[in-house]
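Peer 1:
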Amino acid sequence: MEIRTAATDVDLTESTLIVGVMSDNTAAPGADDILATVDPNLLELSKFEGKTGQMAVLPHDRAKSLILVGLGDEATFESIRTATGNAVRLVKTERAVTNLNQIPIEASTRAVAEGAVLGGYQYRTYKTEGEALPIGTLELIEGDTEEIASAVLGAEATNLARDWVNTPALDKAPEIIAELMREAGESAGLSAEVWDEARIVEEKLGALLGVAAGSDRPPRLVVLEYKPEGATTHLGLVGKGITFDTGGLSIKTAPFMEEMKDDMSGAAVVVGAISAIARLGLSVRVTAVVPLTDNAVNGLATRPGDVLRPVSGPTIEVLNTDAEGRLILADGLGIVRRYEPDWIVDVATLTGAARVALGDKIAAVFGSDSEIAAKVLEAASRAGEHFWEMPLFADYKKSIESDIADLRNISNSRYGGAITAALFLAQYAGDGPWAHLDIAGPARNRETAGEQVKGASGVGVRTLIELARSLSSAD
Ligand code: BES
Ligand code: ZN
Ligand code: ZN
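Convert by adding 981 to the 1-based position in the sequence shown; the result is the number in the working numbering.
(1) Does at least one heavy atom of ligand 5 sit under 8 Å from the Cβ of Glu1305?
(2) Excluding five sequence neighbours on each side, which residues of the same chain lie with their C-beta closer than 6 Å to the C-beta of Ile1370?
(3) Is Thr1274 near ligand 3, judged by its Cβ being under 8 Å from some heavy atom?
(4) Cβ of Ile1223 versus every heavy atom of ligand 3: is any distance shorter than 8 Å?
(5) Return the first residue and the last residue of the alpha helix (DSSP H) that Pro1236 is part of.
(6) If you run the structure through DSSP and keep just helix, strand and coil, what is Met1371?
(7) Is the beta carbon of Glu1298 closer than 9 Å to that of Asp925?
(8) DSSP state of Met982, grouped into three classes?
(9) CB of Met1238 to nearest heavy atom of ligand 3: below 8 Å?
(10) If Glu1095 sits next to Arg1062, beta carbons under 8 Å apart, how far is it from one beta carbon to the other, in whole angstroms?
(11) How close, in whole Å, do the beta carbons of Pro1236 and Asp1341 come, if the pair is a contact with beta carbons under 8 Å?
(12) For the alpha helix (DSSP H) that contains Ile1309, what are its first and last residues?
(13) Can you tell me which of the three DSSP states Leu1448 falls into?
(14) Identify whether Tyr1104 lies in helix, strand or coil by the three-state DSSP scheme.
(15) Throw me the rounded Cβ distance for the Lys1032 and Glu995 pair, which I believe falls under 8 Å.
(16) Answer yes or no: do Met1245 and Gly1220 have a C-beta to C-beta separation smaller than 9 Å?
(17) Flag Leu1230 as yes when its Cβ comes closer than 8 Å to any non-hydrogen atom of ligand 1, and as no otherwise.
(18) Only counting the same chain, and skipping five residues up and downstream in sequence, which positions put a Cβ closer than 8 Å to that of Glu1240?
(19) Could you tell me whether any non-hydrogen atom of ligand 1 is closer than 8 Å to the CB of Ile1086?
(20) Please report how far the alpha carbon of Gly1397 lies from the alpha carbon of Ala1334, in whole angstroms.
(21) I'd like the list of long-range same chain contacts for Ile1343, defined as Cβ closer than 8 Å, with 5 residues on each side in sequence excluded.
(22) Confirm, please, whether the CB-CB distance from Thr1283 to Thr1302 is below 9 Å.
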C-alpha cells in the first residue's frame, strides 16, 4: 500500500474517507466539518457512538463512502494505529483518504502510516481463491512526508519479516532463505556474505553443525553489514534462524510442531531491521549475523549426550536436541563478537517457557546490565511493541552445568526455562552490554486485530530500529 500526503481540499469522489470520532460522537480534532456532513439519522441508525474499537461504514455526499472509527475518550498512538489497521481492511475502493494523522498527539502520522501498512498486510502466495484487499493508496490530509516515509520503512521491514516467517518450511531451506536475505540486504545497500557448509566447517562452528547434522538440507550463515561513514557506535545483531524445528531426536509432539516454521523469526526480524536501519540512513554501524538450519532427524542427527564445540566459549553437552536455538546462537554470538560491536542484541523464538510466563502478546527482554535492558524497553515503547524485562538470575547458572562438558543445553530443573536459556546465551555473549529478546510468545499473531494480522507478527523489527536510532550519533 502506498501512503501519501494530500491537500485539505482533496477530491474524494472515488475515495473512501476514514474519520476518527471520539466518545459521544464528538469529532476527533480536525474532523469537525466532516462529521457535520454526516446525516444525523444515519448516524443514529448505525448505533455508532465513537467508543474505542467501534466502526461504521456510511454513505457520504462527497466521498464514495465514509468509515467512522471510534477512538473513545482520548486518542492515543495505539488507538489510532489500531483504528487505521481495522479501517483499511474495510475499504472497498482503491484509494482512501484520512485525517486521523491530524489528531494532535505525538507521532499520530506514524500511527496512521504503520496501522495502514501493517493492518493491510496479507500473505496470499499460496491462495488460489479470494481477492487481495482493494486499497492501494492511503492519503493523509496534510501528512508530514518525512514522518510518513520513516514509518512506512519500519512497517514494510516488518512485513518483509512476516513474509519470510509465513513461508512454509518446504520453501525456505537455509540456502534459499539465505539468498533472499542477501538480496534484501544488498538492495538496502548493505554488504552481504553467505557462508556455505564448507565455510561453516572451516570456521569450526561446531554447535551450528551439530544442529544441522540431522538435516539433509545444508546450513548457512548470513553476515550483513551496515557501515555508514562517521558512525561512532556499533550494534551487533544475532537472529535465531531455525527453518523448521522438529525437535530433532528429542522430537516434538504434533501440536507443538505445527507452528515450527516460525522458528526463524529472530533471523527474519534482524534482517528486516538492519535493512530498514540502512534505508533510514541512521548513523550507527550495524552487523547482523544469522545462522540458518533445520532442526531435523536423520541417521546422522545429534544424539542426547553428544558434546558440541562452538566456535568459541564453553563446550556443550546436548541433553535435549529440542533446545537447539541456544546452540546455533552460541555460534552466532561467537561470530558477531569478531566484529567487536559495542552492543549486542539477539532475537529468538527461544523457549516455550517465555510464552508460558508472558503469554502471546509480550516478548521477554534480558539484559546483561540495567542500561541495555532499559534502552531496549524504551525503544520498544517508542515502537509500540510489548516487551517485559526478565532477570538473568545468576544462582540458576548451576542448573546448566554439565558433568562431562562445560555446559548442558537444558536446565536440570523444570522451571524458569526462559531464564536458564538466557543464562546459557550469556556464556557466549562476552563482557560487553548484551540483550536477549525471547519472542516465542508474540512471534505469531493468533487473530487479526488493528495492525496485527493473523500469522507472523514481525515483532522486534521496529524495536530494533528504535534502538538503533537511540544509539545513532546524530541523536
Ligand atoms: N523453538 C522452540 C521454542 C518455541 C516454543 C518457540 C513455542 C515458539 C513457540 C525451542 O527450540 C524449543 O523447543 N525449546 C524447548 C526447550 C526445552 C527442550 C528446554 C521448549 O521451550 O520446550
Ligand atoms: Zn526446539
Ligand atoms: Zn526452536
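Backbone N, C-alpha and C fix where the C-beta goes; we use that ideal spot for every residue, glycine too.
Peer 2: Result, derived from the coordinates:
(1) Among the ligands present in this structure, namely ligand 1, ligand 2 and ligand 3, ligand 5 is not found.
(2) Counted from its first residue, the sequence shown places residue 1370 at position 389. In the sequence as presented, Ile is not what sits at residue 1370; that position holds Glu. These residues qualify, in order along the chain: Val1346, Ala1354.
(3) Mapped onto the sequence shown, residue 1274 falls at position 293. Not so, every heavy atom of ligand 3 lies at least 8 Å from the Cβ.
(4) Numbered from its first residue, the sequence shown carries residue 1223 at position 242. Yes; taking the cut-off as 8 Å, the Cβ of Ile1223 has a heavy atom of ligand 3 nearer than that.
(5) On the sequence shown, residue 1236 is found 255 positions in, with the first residue counted as 1. Per DSSP, Pro1236 belongs to the alpha helix (DSSP H) from 1235-1238.
(6) By 1-based counting over the sequence shown, the position of residue 1371 is 390. The answer is coil: DSSP assigns Met1371 none of H, G, I, E or B.
(7) This structure does not reach residue 925, given that the chain is present from 982 up to 1456, and the question cannot be answered.
(8) By 1-based counting over the sequence shown, the position of residue 982 is 1. Met982 falls in the coil class under three-state DSSP.
(9) Mapped onto the sequence shown, residue 1238 falls at position 257. It does not: the Cβ of Met1238 is nowhere closer than 8 Å to a heavy atom of ligand 3.
(10) The residue given as residue 1095 occupies position 114 in the sequence shown. The residue given as residue 1062 occupies position 81 in the sequence shown. That pair is a contact at about 6 Å.
(11) Here residue 1236 refers to the residue found at position 255 of the sequence shown. Here residue 1341 refers to the residue found at position 360 of the sequence shown. Between Asp1341 and Pro1236 the Cβ distance is about 15 Å, and since that is not below 8 Å, they are no contact.
(12) The sequence position of residue 1309 within the sequence shown is 328, counting from 1. Here the alpha helix (DSSP H) through Ile1309 covers 1306-1319.
(13) On the sequence shown, residue 1448 is found 467 positions in, with the first residue counted as 1. In the structure shown, Leu1448 sits in a helix (DSSP, three-state: H, G or I).
(14) Indexing the sequence shown from 1 puts residue 1104 at position 123. Looking at Tyr1104 - three-state DSSP - the assignment turns out to be coil, as it is neither helix nor strand.
(15) In the sequence shown, residue 1032 corresponds to position 51, counting from 1. In the sequence shown, residue 995 corresponds to position 14, counting from 1. So it is not a contact: roughly 30 Å between Cβ atoms.
(16) Here residue 1245 corresponds to residue number 264 of the sequence shown, with the count starting at 1. Here residue 1220 corresponds to residue number 239 of the sequence shown, with the count starting at 1. Contact flag set, yes.
(17) For the purposes of this step, residue 1230 is taken as the residue at position 249 of the sequence shown. It does not: the Cβ of Leu1230 is nowhere closer than 8 Å to a heavy atom of ligand 1.
(18) The sequence position of residue 1240 within the sequence shown is 259, counting from 1. Once the five neighbours on either side are set aside, the close Cβ partners of Glu1240 are Arg1425.
(19) Taking the sequence shown and counting its residues from 1, one reaches residue 1086 at position 105. No, the beta carbon of Ile1086 sits no closer than 8 Å to any heavy atom of ligand 1.
(20) In the sequence shown, residue 1397 corresponds to position 416, counting from 1. In the sequence shown, residue 1334 corresponds to position 353, counting from 1. Cα to Cα, the separation comes out at about 7 Å.
(21) As a working mapping, residue 1343 is identified with position 362 in the sequence shown. Taken in chain order, the residues that qualify are His1367, Phe1368, Trp1369, Gly1422, Pro1423.
(22) For the purposes of this step, residue 1302 is identified with residue 321 of the sequence shown, where counting begins at 1. For the purposes of this step, residue 1283 is identified with residue 302 of the sequence shown, where counting begins at 1. The answer is yes: Cβ separation under 9 Å.
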